[in-house]
Each structure stands twice: as structure tokens, then as C-alpha cells.
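These protein sequence lines are chains L and R, in that order.
Using my numbering, read the first sequence as starting at 1 and increasing by one per residue.
Using my numbering, read the second sequence as starting at 1001 and increasing by one per residue.
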Amino acid sequence: MCLGVPGQILDVDDSPLRMGRVAFGPTVKEVSLACVPEAGPGAWVVVHAGLALDQLDEEAARLMIEALAQLELGTGENHA
Amino acid sequence: MKYVDEFRDGHHARALAEAIRRKVTRPWTLMEVCGGQTHSIVRFGLDELLPPEVTLIHGPGCPVCVTPVALIDQALALAGRPEVTFCSFGDMLRVPGSAEDLFAVKSRGADVRVVYSPLDALALARELPHREVVFFAVGFETTAPANALAVAQAKQEGLENFSILVSHVRVPPALEAILASPQRRVDAFLAAGHVCTIMGTEEYLPLAAKHHVPIVVTAFEPVDLLQGILMAVSQLEEGRAEVENQYARLVQAGGNRPAQALIQEVFQVVDRTWRGIGGIPESGFGLRPEYARFDAARRYAVSDVGGAESPDCRSGLVLQGLLKPMACPAFGKACTPDHPLGATMVSSEGACAAYYRYRRFEPVEAP
Ligand code: SF4
């Protein structure tokens, strides 16, 4: 359950939680971007339990999404 | 079971396996710590690609699997209260307590809800001011910042109807316990990549030095795992015991500082019991005194609730790498994912469930 799932930031608000909408393929979720203060719209982040833990580049995100799908560890149980 | 050739980088994987074969001169036992790694190894048969000298054993790597029965029983007691809306990650619902699981309590009409994030539970507490919202805060270091953020925010907003039942564990003390055990079989660790995203790699330096054990922070994909194994085997063959980072594309030595600050603010290090393993000093997080009013166990006085594990379950041995799941007499008979006796059969990342899913039709090897 510790795997993070990559998603792309759509927008960010300026509340203390730094909530933003993040797209995981067709699914869009509200995520806190408080721990990735530099990440803005368009950036790719790894999300776990509703919190973005790290920023990564698009290529790394694509490879990780592919790997999660092949391992059937997709977004379902990973608390994205 | 799928084979590694079906993975996108099958050729690279075989080349790495070949490099490991050339490197190895004597038997070594490696433990992968993370359940996602175990899943990947079993699914793609990576263990079967390795030379016979290299043995992989599956570590305690899934928070769902190591949450003690007593805490599940406390969760059941809280979920059964009429005023409580109990929120949990989905994979905790089928984890057996001493008599039943959260799913059973839910089907009797209790208000048990599956959420993806503690922030969703917090939103529920705002929406339902007349309910007591309790979140089951389970996890390794990876999940701790999200849980800390939810509690800090609840305090900030003065939300009185939100609390968490904390079952947070820390990886390094568990590795220390495994190394200190008289039954120690582990020569090197593949540490869990996503845990280190938060904490970085520095925590492992004293452990590697004290026990002279190589620790390689490794991702969960087949090629990553084989690369991690090659790095660990190279260290062992060369007599080195260092902390190395295979997952540098995500993990930085210092970890994520804002996330660490959140954990620091809300949690303090406490002793914890690990299901099947027992008590390990300083192996978890609990709420700091300033946040004690968000502690559900205290608020509802359920700290003393708690029963015993099924006597037939050997998950303690499985979690320490001392028994392969299929060598457990209950495996696939009294214990299946539909009727799990132990948590390692419940979680999709538990070693017993991974073997049940991909290996159960294969002959049982000697333990
Ligand atoms: S197979 Fe079932 S009973 Fe045996 S160790 Fe695994 S979880 Fe426990």
C-alpha cells in the first residue's frame, strides 16, 4: 500500500493545504500539494493517500504508470 | 504467473540476471522489504531467473499485514459505536480481527466508509458535524505525512468531531529487529523505494554500519529489482556494506523535508507491536501530547481492547522470511483470500496472497 501513483496537476489553490486537482488518466482527484511547494499546473507528481510526495518528469511518470498497470497495482488500492 | 519476458523490458531483465550469475560465487540471502516488490517478484518469477546461490525472502513490507490484531479489534469496537462514522483504506476491511473483520461490522449496518485519503475523512467530518468521524491511520512512513496533515488541519480548523486510530510503523527499527534475531538469515536488504521518498536514505547508514549489511533502496519494477539485487550481490561479494540508492530517479538522500516536518509536528516515535513479530522498540509513530485529543483510542477508551491471533497462522514466520507461504499447513486450505486467517493473505501485497494468486498450483518447496 506504499506505492505512489503519478498524476498531472491541473490547478492549485492558495489555501494552507495547497489543494489542487490532479489527473490520473481519466480520473481527476483533489490532492494536497503542500509537500511539493514548487509544483504547479502541468507538473507531474507522485501521489499517495491524497498527498503529493514528489515531483517527477513526464517520461518517468509514463514509465511508472505503465509498470503499475503491468503489475496490476493500478490506482485502485493505492489510495491515490 | 507471468514471466519477465512479458514485461516491457524482458531482455534487459535477462541481461541483469546474467550479470548477477557472473558476479555470484557463494550463497546469499536477500530480503526485499516492500510488499509491492514482493508482488512484482512473485508475479514475474524474478526469483526463478536468479542463480541458485541467490535466495530472496519476503520481508514485513506491508502495513496492512503488520497491523496487530489488537488494533483491528479496537477498530471494530469503534466502528460498532452508533455515533461513529469509521473511515478506512479499502484494504483494511477484510483484515481479520480476533473474531471478525470491518466488512462484517459494516454489513450489520455500521457506518464504515472506504476513503482514499485521510483528507477525505476530514472532509466528511466537516460535512457531518453531528457524527464522530474516526479515520484508521495505518501505514509506513510513506503514509504518515498525509495522516499528519489531516490532524494538523483538523486542529487548525477546530474540528472537534475528527480523530484517528493510529497504527503507524517505521521501517528501520523492524530491519534492526530482523538483523538482531538469533535466527537471522538475511545478508542484505532491498529497502522500499517509496518509504525512502519521505525519509531519504540517511536513516539506514547506522544500520548498515552496525550490522555490516548492504542496504539498497530499490524500486518495484522487475528491472529495478534485478538492478537492486545486482548492486546488493556486488557489495556482498566485495565485502562492502553500504547504503546505495537504485531508485535515484525518485529518492533523494535527504528525503522530502516538508513531509518530514509534518510528521515531526504531529507524531512522536513510540514502541509498536507488529502482527506476527511482536513488540519492537521505537518502531512506530503515535500522536504528540499536543494532539492527544485527536487520538481515537484515548477518546473512546478502547486502548485495552484486543485479542489474539489465530493459532494456526504462521504469518509471523512468513513476515520474517523464515517460512515460505506455501509451507504453511493452512495455505490454500483453511486460509484463502476469501477466508484469510492472517493479514498476509488479505492484502494484495501480502506474501501469502501473492503466492496464492500466482503460485498455488506449483509444487511446494521445502521451507
Ligand atoms: S497462509 Fe494464511 S495461515 Fe498461513 S501464514 Fe499465510 S496468512 Fe497465516
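We put the CB at the ideal spot given by N, CA and C, even for glycine.
For Phe1361/R, the distance from the CB to the nearest heavy atom of the ligand SF4 is not below 7 angstroms.
Counted as a single uninterrupted DSSP element, the stretch harbouring Glu1309/R is not any beta strand (DSSP E), since DSSP gives it neither H nor E. Look at Leu1322/R: its beta carbon is at least 7 angstroms from all of the heavy atoms in the ligand SF4. Between the region 1172-1184 of chain R and the region 1142-1149 of chain R there are fewer than three C-beta pairs closer than 8 angstroms, too few to call the two in contact. Taken residue by residue, none of the region 1314-1340 of chain R has a beta-carbon sitting less than 8 angstroms from a beta-carbon on chain L.
Between the ligand SF4 and the CB of Met1345/R, the shortest heavy atom gap is smaller than 7 angstroms. Where His1130/R is concerned, there is no enclosing alpha helix (DSSP H), because DSSP gives it neither an H nor an E. Residue contact check for Pro41/L against chain R: no CB pair falls below 8 angstroms. Burial state of Val28/L is exposed, judged by a 10 Å Cβ sphere holding fewer than 16 other Cβ atoms. From the listed residues Gln1320/R, Pro1329/R and Ala1354/R, the smallest Cα separation to Pro1182/R is found for Gln1320/R. Judged by beta-carbon spacing, Gly1097/R lies within the 8 angstroms limit of Ile1072/R, meaning their Cβ atoms are closer than that value. Those residues of the region 14-31 of chain L placed with their C-beta closer than 9 angstroms to a C-beta in chain R are Pro16, Leu17, Met19, Lys29, Glu30 and Val31, ordered along the chain. Within the DSSP bridge table, the entry for Thr1055/R names Thr1029/R as partners. The shortest C-alpha to C-alpha distance from Cys1034/R to any of Cys1196/R, Gly1200/R and Arg1359/R is the one to Cys1196/R. Distances from the CA of Lys1106/R to each of Arg1081/R, Glu1127/R and Leu1124/R were compared; the closest alpha carbon is that of Arg1081/R.
Counting every other CB atom within 10 Å of its CB across the protein chains shown gives Arg1240/R a total below 16, marking it as exposed. Of the heavy atoms belonging to the ligand SF4, at least one sits nearer than 7 angstroms to the Cβ of Arg1314/R.
Between Pro16/L and Leu1317/R, the alpha-carbon positions lie close to 45 angstroms from each other. Two segments are said to touch when three or more pairs of C-beta atoms, one from each, lie closer than 8 angstroms; by this definition the region 44-55 of chain L touches the region 3-17 of chain L.
Under the three-state reduction of DSSP output, His1168/R falls in the strand class.
In the three-state DSSP reduction, His48/L falls in the strand class (E or B). The beta carbon of Ala1070/R is closer than 6 angstroms to those of Gly1306 in its chain, skipping five residues each way along the sequence. Within the region 1202-1236 of chain R, the residues whose Cβ lies closer than 8 angstroms to any Cβ of chain L are, in chain order, Phe1220 and Glu1221.
Any Cβ of chain R closer than 8 angstroms to the Cβ of Val46/L would place that residue at the interface, and such an atom is present.
Taking a beta-carbon distance threshold of 8 angstroms, Asp54/L counts as an interface residue toward chain R. At the C-beta level, Val1054/R and Val1233/R come within 8 angstroms of one another. The C-beta separation of Ala1077/R from Ala1121/R comes to about 18 angstroms, leaving the pair out of contact by the 8 angstroms criterion. Annotated three-state conformation of Phe1294/R is helix, per DSSP.
Here Ile1280/R carries a strand assignment [DSSP, helix/strand/coil].
With distances taken between CA atoms, Ala1152/R lies nearest to Gln1264/R out of Arg1357/R, Gln1264/R, Met1326/R and Gly1276/R. At least one CB of chain R lies nearer than 8 angstroms to the CB of Leu51/L. A direct Cα-to-Cα measurement between Cys1313/R and Glu59/L gives close to 43 angstroms. Taking all protein chains shown into account, Ala61/L has 16 or more neighbouring C-beta atoms within 10 Å of its C-beta and is therefore buried.
CA-to-CA, the gap between Gly50/L and Gly1045/R works out to about 32 angstroms. Judged by the Cβ position, Pro1325/R qualifies as a neighbour of the ligand SF4 at the 7 angstroms threshold, a heavy atom of the ligand being closer than this.
In this structure Gln1235/R is buried. Its beta-carbon is surrounded by 16 or more other beta-carbon atoms within 10 angstroms.
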